[in-house]
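Protein chains in written order, with our numbering: chain D, 1 to 179; chain E, 180 to 358.
2 protein chains.
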Amino acid sequence: MSKKVIMPITNGFEEIEAITIIDILRRAGAAVTVAALEGRQITGAHNIEIKTDAALEDILNEEYDLVVLAGGGKNADSLGEDKQAQTLIKRQFAAGKLVAAICAAPLALHRAGAIKGEYTCFSGCEQTIGDGYVQKNVVENGNVITSRGPGTAGEFALALAAALYGKETADKLKKGMYY
Amino acid sequence: MSKKVIMPITNGFEEIEAITIIDILRRAGAAVTVAALEGRQITGAHNIEIKTDAALEDILNEEYDLVVLAGGGKNADSLGEDKQAQTLIKRQFAAGKLVAAICAAPLALHRAGAIKGEYTCFSGCEQTIGDGYVQKNVVENGNVITSRGPGTAGEFALALAAALYGKETADKLKKGMYY
Numbered sequence: 001m002s003k004k005v006i007m008p009i010t011n012g013f014e015e016i017e018a019i020t021i022i023d024i025l026r027r028a029g030a031a032v033t034v035a036a037l038e039g040r041q042i043t044g045a046h047n048i049e050i051k052t053d054a055a056l057e058d059i060l061n062e063e064y065d066l067v068v069l070a071g072g073g074k075n076a077d078s079l080g081e082d083k084q085a086q087t088l089i090k091r092q093f094a095a096g097k098l099v100a101a102i103c104a105a106p107l108a109l110h111r112a113g114a115i116k117g118e119y120t121c122f123s124g125c126e127q128t129i130g131d132g133y134v135q136k137n138v139v140e141n142g143n144v145i146t147s148r149g150p151g152t153a154g155e156f157a158l159a160l161a162a163a164l165y166g167k168e169t170a171d172k173l174k175k176g177m178y179y
Numbered sequence: 180m181s182k183k184v185i186m187p188i189t190n191g192f193e194e195i196e197a198i199t200i201i202d203i204l205r206r207a208g209a210a211v212t213v214a215a216l217e218g219r220q221i222t223g224a225h226n227i228e229i230k231t232d233a234a235l236e237d238i239l240n241e242e243y244d245l246v247v248l249a250g251g252g253k254n255a256d257s258l259g260e261d262k263q264a265q266t267l268i269k270r271q272f273a274a275g276k277l278v279a280a281i282c283a284a285p286l287a288l289h290r291a292g293a294i295k296g297e298y299t300c301f302s303g304c305e306q307t308i309g310d311g312y313v314q315k316n317v318v319e320n321g322n323v324i325t326s327r328g329p330g331t332a333g334e335f336a337l338a339l340a341a342a343l344y345g346k347e348t349a350d351k352l353k354k355g356m357y358y
């Protein structure tokens, strides 16, 4: 059965990060819903406009196998401030289910109390998040997976694919996509 | 002055490739126009819908520093068959200016007669393109730059940034983005 993934997102998202995660997880077989905080048509940090699959408020109460956050400063700030996004992250984390974030978005996990122990993020964000910062491309820490930036988005998405579907599926994707 | 880049594109485009190229070249300072073959709202191979910046027919006669093609089988086929896209590639190549393609899109360069000598592409496409295929992530051959697939899109886009703005700019982006 398809794993259910939700990516809450809004204006200012980092395009490479968001699209790499969505693309690779869909290739893995996941049902990925890109859910806008407000409006359905959103614009990234480099002026690429995408249409989301749903409004977050309409699907907030469904169950997900993974809640994943793309970066982009403004997007990450909004995810940290938005009540519905925070509710989603807190509920997922409290249930011991998978949450993940890249670039500046670990800040939004931190706001939800979901970062305990080792994590990584875009350089500088650790000054707000605090103890546990390690300089690795991807950090897997229990049910929390974090990563650094656009150039690590492929490795991050493949780690998420492995967490959901196993290493064999991820390795196959990695090879077929030239990662 | 901003370098002018055009990416002719249509339904079925590979999302990681298209978005990585646009994002990195905009970070480098280029004025990148994403130009649809038909319609302004297009959908990628993994069901991500983006809004393009223009219709190709409206800006076909402008001059560009780079014509770059993302992959995705259906997108690459369309770029090979579309008269306007083929005109654009032929004119750019004949002027000795930069053309580039990744994944299946070197097929569209081939259709325009723009592949002579060494190139790379997504595995299998070389059976149509013919002699000159090499298994490298990025091949720079005069004014033609080619690459293999989603996982090499970052390296490809950074090579394009270096060709337009110099190695120092590309190296700075590479480091700042964790490539």
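Cβ coordinates follow ideal geometry from the N, Cα and C atoms, glycine included.
Cβ separation of Leu286 (chain E) and Thr307 (chain E), assumed to be a contact under 8 Å, to the nearest whole Å: 6 Å
If you measure between the beta carbons of Thr152 (chain D) and Ala161 (chain D), is that distance less than 8 Å? The beta carbons of Thr152 (chain D) and Ala161 (chain D) sit no closer together than 8 Å.
Is it true that the CB of Val318 (chain E) sits closer than 8 Å to the CB of Ile334 (chain E)? According to the sequence as given, residue 334 (chain E) is Glu; it is not Ile. In this structure, Val318 (chain E) does not lie closer than 8 Å to Glu334 (chain E) by Cβ.
Could you list which residues in chain E have their beta carbon closer than 7 Å to that of Thr20 (chain D), in chain order? Chain E residues near Thr20 (chain D): Ile195.
Would you list, in chain order, the members of the segment 145 to 165 of chain D that have their beta-carbon closer than 8 Å to a beta-carbon of chain E? Arg148, Gly149, Pro150, Gly151, Thr152, Gly154
Can you check the segment 108 to 153 of chain D for any alpha helix (DSSP H) of at least 4 residues that lies completely inside it and give the ranges in chain order? 126 to 129
Taking the alpha-carbon positions, what's the Val34 (chain D) to Cys125 (chain D) distance? 24 Å
Across which residues does DSSP place Glu228 (chain E) in a beta bridge pair? D:Lys51, E:Thr222
Which listed residue (D:Ala157, D:Glu81, D:Ile89, D:Ala163) has its alpha carbon closest to that of Ala18 (chain D): D:Ala157
From Glu241 (chain E) to Ala76 (chain D), what distance separates their C-alpha atoms? Straight-line Cα distance between these residues: approximately 38 Å.
How would you call Gln220 (chain E), buried or exposed, if buried means at least 16 neighbouring beta carbons within 10 angstroms? It counts as exposed.
Cβ-Cβ distance between Val134 (chain D) and Ile115 (chain D) below 8 Å: Not a contact, by the Cβ cut-off of 8 Å.
Leaving out the 5 sequence neighbours to the left and right, which residues in its chain are closer than 7 Å to Lys136 (chain D) when beta-carbon positions are compared? Thr120
Can you pull the chain D neighbours of Ile185 (chain E), defined as C-beta to C-beta under 7 Å? Simply none; closest approach about 15 Å.
Other residues of its chain near Glu57 (chain D): CB distance less than 7 Å, five sequence neighbours each side excluded: Gln84
Skipping 5 residues on each side, what residues in its chain have a beta carbon closer than 6 Å to that of Ile195 (chain E)? Pro329, Ala332
Contacting residues, own chain, Cβ-Cβ under 6 Å from Met7 (chain D) (five flanking each side not counted): Val34, Val68
Please state the DSSP three-state secondary structure of Lys167 (chain D). helix
Is the beta carbon of Phe13 (chain D) closer than 8 Å to that of Gly44 (chain D)? The answer is yes: Cβ separation under 8 Å.
For the ligand GDP, any of its heavy atoms closer than 7 Å to the Cβ of Asp82 (chain D)? For the structure depicted, the ligand GDP is absent and the ligand set is empty, with no information on it obtainable.
Closer than 7 Å, Cβ to any Cβ of chain D: which residues of the segment 230 to 257 of chain E, in chain order? Lys230
Chain-order list of residues whose beta-carbon lies under 6 Å from that of His110 (chain D) (same chain, five-residue window excluded): Ile129
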